[in-house]
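Protein chains: 2
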Amino acid sequence: MLRISKLTDYGTLIVTQMAATPAQVVSATELADALGLGLATVSKVLKALGRHGLVLSHRGTRGGYLLSRPPEQISIADIVDALEEQPFGLTECSAGSGTCSLETGCRIRGSWIRINAVVREALQGVSIAEMTPPPDLSNAPSPASQRVSGPGRLARNAG
Amino acid sequence: MLRISKLTDYGTLIVTQMAATPAQVVSATELADALGLGLATVSKVLKALGRHGLVLSHRGTRGGYLLSRPPEQISIADIVDALEEQPFGLTECSAGSGTCSLETGCRIRGSWIRINAVVREALQGVSIAEMTPPPDLSNAPSPASQRVSGPGRLARNAG
DNA sequence: GCAAACTGTACTAAATTGGTACTGTATTTG
DNA sequence: CAAATACAGTACCAATTTAGTACAGTTTGC
Ligand code: FES
Ligand code: FES
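So the protein sequences, as listed, match chains H and L. The first sequence begins at 1 in full-length UniProt numbering and counts up by one. The second sequence begins at 1 in full-length UniProt numbering and counts up by one.
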């Protein structure tokens with residue numbers, strides 16, 4: 001359907017939320033609460049992000065997660081890579097080798113690989129820092145607007 | 001998974017195949033045979049392409065389909081639009097309105113809409129004519145290489 | 001009238017995704 | 001050291017989406 005998965009979407013939401021207070025440890029519970037998502041779901045996403053080095057985790061009583069890099073250096077493509085296990089590519093054939101018996105002769109495969117590259121660049125060109133304006137006003141509750149009732153992607157939960 | 005659906009993929013394959021002999025009526029059976037796909041599947045794709053005006057159909061004994069435009073004027077985006085019923089957009093929130101309760105206040109939505117536009121341009125910038133070299137050698141069986149055993153995307157069928 | 005070929009719908013099975021539960025481990029705190 | 005907190009990892013089930021096919025109908029050409 002040419003969509004990123006919801007988990008990936010949550011990833012962008014979570015990282016964006018974390019970018020509001022960079023270099024600060026936030027627990028999965030806090031993030032889940034702030035975004036209106038289930039704790040288990042948020043944990044799943046954070047774990048994947050951690051495996052790919054986008055966030056650092058800290059266990060224990062006052063543990064939590066924090067971004068491993070400044071938001072300017074985290075792109076949408078990074079998050080996609082972390083949360084979609086399969087290799088990047090709009091078609092099965094162009095995502096890797098071995099799937100298609102006609103790889104050597106097929107010419108549309110080359111075209112798809114080119115298309116993939118352009119799409120990927122688009123995702124790489126957008127950083128998390130660009131997703132929301134920088135929090136100049138440290139007092140203004142900039143992410144609070146997201147705390148009202150949770151994102152609509154969760155309409156099911158919100159019932 | 002950030003993939004187009006297989007049906008859409010078949011669409012590109014079918015239209016590319018038809019572009020090899022433009023302005024010529026080809027039956028769904030012939031296309032299915034040439035590409036190693038099931039007839040019902042090919043019919044389903046062609047019907048959708050017809051509904052969106054990409055191919056013209058002709059019923060009856062010697063009927064079939066033909067491209068409604070020269071291959072240069074058919075883009076990958078056209079095929080995606082025809083075969084993915086849902087509106088274009090990488091995330092649910094950015095594909096349309098009404099899905100999310102935070103639309104008005106949400107700032108990452110704007111970013112996603114921008115990303116969508118770039119991705120869409122990438123798909124619009126590639127025409128079917130670019131997918132394979134133009135058939136200068138009318139004798140050379142350029143599409144024949146695809147007739148060997150069917151695309152690997154169908155490994156299940158071929159197995 | 002018969003056969004070829006498209007039209008349209010409906011259904012079933014498979015694959016993927018989404019969400020959650022449960023058990024384990026590390027760290028802080030007192 | 002014990003208790004509480006929070007991450008780690010796995011495994012599982014439900015919901016959704018996709019893929020493929022079947023079937024009954026209609027149009028056209030011979
Ligand atoms: S690489 Fe699979 S059909 Fe071209
Ligand atoms: S528009 Fe849905 S979370 Fe932003």
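The C-beta atom is built at its ideal place from N, Cα and C for all residues, glycine as well.
Check	Outcome
Residue 5 of chain L at chain H interface by Cβ criterion, 8 Å	yes
Contacting residues, own chain, Cβ-Cβ under 8 Å from residue 84 of chain L (five flanking each side not counted)	4, 5 and 8
C-beta atoms of residue 124 of chain H and residue 77 of chain H nearer than 8 Å	yes
Where the segment 5-29 of chain L meets chain H: residues whose CB sits under 9 Å from a CB there	5, 6, 8, 9, 12, 13 and 16
Where the beta strand (DSSP E) containing residue 55 of chain L begins and where it ends	55-58
Contained beta strand (DSSP E) runs [length at least 3] in the segment 30-105 of chain L, N- to C-terminal order	55-58 and 64-67
Residue 108 of chain H beta carbon near ligand 1 (any heavy atom closer than 7 Å)	yes
Identity of the residue in L:13, L:32, L:1 and L:126 nearest residue 72 of chain L by Cα	L:126
Residues that DSSP places opposite residue 127 of chain L in a beta bridge	L:75
Per-residue DSSP class, three states only, for residue 26 of chain L	strand
8 Å Cβ cutoff, residue 111 of chain H in contact with chain L	yes
Residue 72 of chain H: contacting residues in chain L (beta-carbon distance under 8 Å)	Here the premise fails: no neighbours, minimum Cβ distance about 14 Å.
Backbone CA spacing between residue 121 of chain H and residue 24 of chain L [nearest angstrom]	38 Å
Proximity of residue 74 of chain H and residue 119 of chain H at Cβ, strictly below 8 Å	no
8 Å contact criterion, which residue 49 of chain L and residue 82 of chain L should meet: CB distance rounded	5 Å
Distance between residue 43 of chain H and residue 51 of chain H (C-alpha atoms, nearest Å)	12 Å
Within-8 Å CB hit, residue 122 of chain L to chain H	yes
Neighbour flag for residue 79 of chain L against chain H, beta carbons, 8 Å	no
Presumed contact (8 Å Cβ cut-off) between residue 65 of chain L and residue 37 of chain L, rounded CB distance	Wrong, their Cβ atoms sit about 14 Å apart, outside the cutoff.
Residue environment, residue 59 of chain L, which counts as buried when at least 16 other CB atoms sit within 10 Å	exposed
Burial state of residue 62 of chain H, where buried means 16 or more other Cβ atoms lie within 10 Å	exposed
Backbone CA spacing between residue 106 of chain H and residue 55 of chain H [nearest angstrom]	40 Å
Per-residue burial, residue 111 of chain H [other beta carbons within 10 Å of its own, 16 or more giving buried]	buried
Separation of residue 33 of chain L from residue 131 of chain H, as counted between CA atoms	48 Å
As assigned by DSSP and simplified to three states, the class of residue 21 of chain L	coil
Cβ-Cβ distance between residue 94 of chain L and residue 113 of chain L below 8 Å	yes
Straight-line gap, residue 67 of chain H to residue 108 of chain L (C-alpha atoms, nearest Å)	18 Å
Reference residue 87 of chain L, options L:116, L:104 and L:12, closest by Cα	L:116
Residue 103 of chain L beta carbon near ligand 2 (any heavy atom closer than 7 Å)	yes
Min CB distance residue 46 of chain H to chain L below 8 Å	no
Burial state of residue 137 of chain H, where buried means 16 or more other Cβ atoms lie within 10 Å	Its pLDDT being 39, under 50, residue 137 of chain H is placed unreliably in this model, and the coordinates cannot settle the point.
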